[in-house]
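J.: Note that the working numbering has the sequence shown beginning at 1103, numbered continuously upward. All C-beta atoms in this analysis are idealised placements derived from N, C-alpha and C, irrespective of residue type, glycine included. Starting off with a structure, shown below.
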Amino acid sequence: MNFPDYTQDAEYLQRQAETKDIRRMGNRVGTVFLMMAAVMTLWSFPLLSVPKDTILFEQIRSFLKDSVTMDAVSIVVTSIAFLVPFSILARWNKLSLKQALPAGKPTEKGVFWPIILMGLAVCAFSNITTNFAGRLFEDAGVHYEASIHSSAPKGFFALALAFLSTAVFPALLEEFAMRGVLLGSLRRYGDGFALVVSSAVFSLMHGNFEQIPFSFILGLYMAFAVIKTGTIWSGVLLHFINNAMTVVLQKLSVGLSNQAVQMLTPAYFLVLILLGFCGVWLLRRKDCDFFTLSRPKEMLLEERQKYGAFATAPLVIICLVVVFIEAAFVYAV
C-alpha cells in the first residue's frame, strides 16, 4: 500500500507553517501577559513581607488603606505593567506605529458616533452580566468586590484621582495594549481571530470570575469598533465612558437610600440601551458587508484550527493556569 508523502505536500507544509507561526505568537502573547501579571501582582510583596510587630508595618498598612495614595500607586503600576510588556510585543512583531497605535481619523464617514452609541448598549448588557454573575457567586456563598474603592472618594482631589486611576489611565493604557498592539499583532491571521483572541486576553487580564464575562463581551465590541472605525479612539472612548460612569454612579449613590440606588441603576442601563438603538438606526443604511470581518485568503487553516494552535502554545496554557489560580485565590480569601 502506498501512503502519500506529506513531506512533499505543499498544502500540508503550509498548514504546518501556519500552525507553528500562530503558536509562536501565542508564546509571545503569553510572555507579555505573564510580565504584566507579575508587575500587577508582585509590586506589593516587599511591603507585605515586613514583620507585623514593627512600626514600619503599621505605617505600610495605613499607607495601603489610604484611597488617594493607592490611586496614585495604581496609576504608576498599571502604566509600567502595560507600556513595557506590550511595547516589547510590538517590537517582537515588528509592528509599525500605525499598526500598534491606529490613532488617526475614522476611515469611513458617518460611522464613528453610531458605533459609539451602539457600544453604550453593549456596556449596559455587559454590566448586567457582571451583576448576574455576582449574584450567582453570592448565592454560592462567595463574594468579590470589583471596585478598588470600598467607599466613594471624598473631596475634589480624591475624586479627580479616582477618576484618573479608574477611567482615564485604564482607557488609554489598556486600549494601547489590547486594541492597539495585541489586536494589531493578531490581524494578520484574520480580523475574526484577532477580535476573539484579543478579547479573551482582555477578559483574563481582569483575573476574577465575575468580570471575565463582562470584559469579554465588551472587549469583543471594542475590538469590532476599532476595526470598523479604523481608529483606536473608538475603543478608548467606550472604555472611558464605561469606567467613568462607575465612579459617577458610586459618587451619586452616597446619601441615597437603597431604594433610590436600585431605581437609579436600571434607569441608567435603560438610557444606554435606548442610545444603542439610536446607533443602530443611524447605521440602518449600511449593507451587510459592513458587519463582516476580513479573512486572509492565503491562509489554509480553518478558524477552529487557528484557535487550537494558539490555545495549545505552552505559555498560553501557563497563563490560563495562573489566571485560574489567581481567580480562585480571590474568592478563597
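#1: Quick check: the Cα distance between Val1299 and Pro1153, rounded to an integer number of angstroms?
#2: Would you call the CB atoms of Thr1310 and Ala1429 closer than 7 Å?
#3: Can you name the start and end residues of the alpha helix (DSSP H) that Phe1271 belongs to?
#4: Give me the Cα-Cα distance between Arg1397 and Arg1163, rounded to the nearest whole angstrom.
#5: Would Glu1120 be called buried (16 or more neighbouring beta carbons within 10 Å of its own) or exposed?
#6: Does DSSP classify Trp1215 as helix, strand or coil?
#7: Figure out for me which residue from Phe1227, Val1382, Ala1279, Gly1332 has the closest Cα to the Cα of Gln1313.
#8: Answer yes if the stretch 1328-1335 comes into contact with the stretch 1203-1212, meaning at least three C-beta pairs across the two stretches below 8 Å, and no otherwise.
#9: Given this structure, state the Cα-to-Cα distance separating Pro1416 from Arg1387, to the nearest angstrom.
#10: For Thr1365, does the count of other Cβ atoms within 10 angstroms reach 16, so buried, or fall short, so exposed?
#11: Tell me which residues share the same chain as Val1338 and place their Cβ nearer than 7 Å to its Cβ, disregarding the 5 neighbours each side in the sequence.
#12: Kindly indicate which three-state DSSP category Pro1153 falls into: helix, strand or coil?
#13: Secondary structure at Asn1195, three-state DSSP: helix, strand or coil?
#14: Assign Lys1353 to one of three DSSP states: helix, strand, or coil.
#15: Would DSSP call Pro1208 helix, strand or coil?
#16: Given this structure, state the Cα-to-Cα distance separating Gly1282 from Ala1346, to the nearest angstrom.
#17: State the DSSP-derived secondary structure class of Phe1311, mapped to helix, strand or coil.
#18: Which residues in the same chain have their Cβ closer than 7 Å to the Cβ of Trp1145, if we skip the five residues on either side of it in sequence?
#19: Considering only the alpha carbon of each residue, which of Gly1132, Leu1191, Asp1389 lies closest to Val1423?
#20: Tell me the DSSP secondary structure of Ala1369 in three-state form.
#21: Taking 7 Å as the cut-off, decide whether the C-beta atoms of Leu1219 and Leu1377 are in contact.
#22: Verify whether the separation of the beta carbon atoms of Phe1188 and Ala1325 is less than 7 Å.
#23: Buried or exposed for Ile1419, please, with buried defined as at least 16 other CB atoms from any protein chain shown within 10 angstroms of its CB.
#24: Return yes when the Cβ of Ser1169 is within less than 7 Å of the Cβ of Ser1267, no when it is not.
#25: Assign Asp1111 to one of three DSSP states: helix, strand, or coil.
#26: Pull up the CB-CB distance for Val1141 and Leu1191, whole angstroms please, since I reckon it's below 8 Å.
#27: Does DSSP put Pro1398 in a helix, in a strand, or in coil?
#28: What does the alpha-carbon distance come out to for the pair Ser1249 and Ala1327?
#29: Using the C-alpha atoms, what's the distance from Ile1427 back to Ala1323?
#30: Using only alpha-carbon positions, find the residue among Leu1136, Leu1297, Gln1352 that is nearest to Ala1183.
#31: Kindly indicate which three-state DSSP category Ala1415 falls into: helix, strand or coil?
#32: So what's Leu1507 in DSSP terms, helix, strand or just coil?
#33: Mind checking whether Leu1385 and Pro1216 have CB atoms under 7 Å apart?
T.: Straight from the coordinates:
#1: In this structure, the straight-line span from the alpha carbon of Val1299 to that of Pro1153 is close to 43 Å.
#2: Looking at the sequence shown, residue 1310 is not Thr but Asn. Yes; because the gap between Cβ atoms is below 7 Å, this pair is in contact.
#3: According to the DSSP assignment, Phe1271 belongs to the alpha helix (DSSP H) that extends over 1271-1277.
#4: 52 Å
#5: buried
#6: Three-state result, Trp1215: helix.
#7: Ranking the options by Cα distance to Gln1313, first place goes to Phe1227.
#8: yes
#9: 46 Å
#10: The question names Thr, but residue 1365 in the sequence shown is Met. It counts as exposed.
#11: Within the same chain, Val1338 has close Cβ partners Ala1273, Leu1274, Glu1277.
#12: coil
#13: If DSSP states are grouped into helix, strand and coil, Asn1195 belongs with coil.
#14: helix
#15: coil
#16: 21 Å
#17: coil
#18: So the qualifying residues of the chain are Val1179.
#19: Gly1132
#20: helix
#21: yes
#22: no
#23: Ile1419 comes out exposed.
#24: no
#25: coil
#26: Rounded, the Cβ-Cβ distance is 14 Å, inconsistent with contact.
#27: coil
#28: The predicted position of Ser1249 is uncertain, since its pLDDT is 46 and thus under 50; no value can be drawn from it.
#29: The amino acid occupying residue 1323 in the given sequence is Tyr; Ala does not appear at that position. Roughly 27 Å separates the two Cα atoms.
#30: From the listed residues Leu1136, Leu1297, Gln1352, the smallest Cα separation to Ala1183 is found for Leu1136.
#31: coil
#32: Because the chain here runs from 1103 to 1435, residue 1507 falls outside it and cannot be looked at.
#33: For Leu1385 and Pro1216, yes; Cβs fall inside 7 Å.
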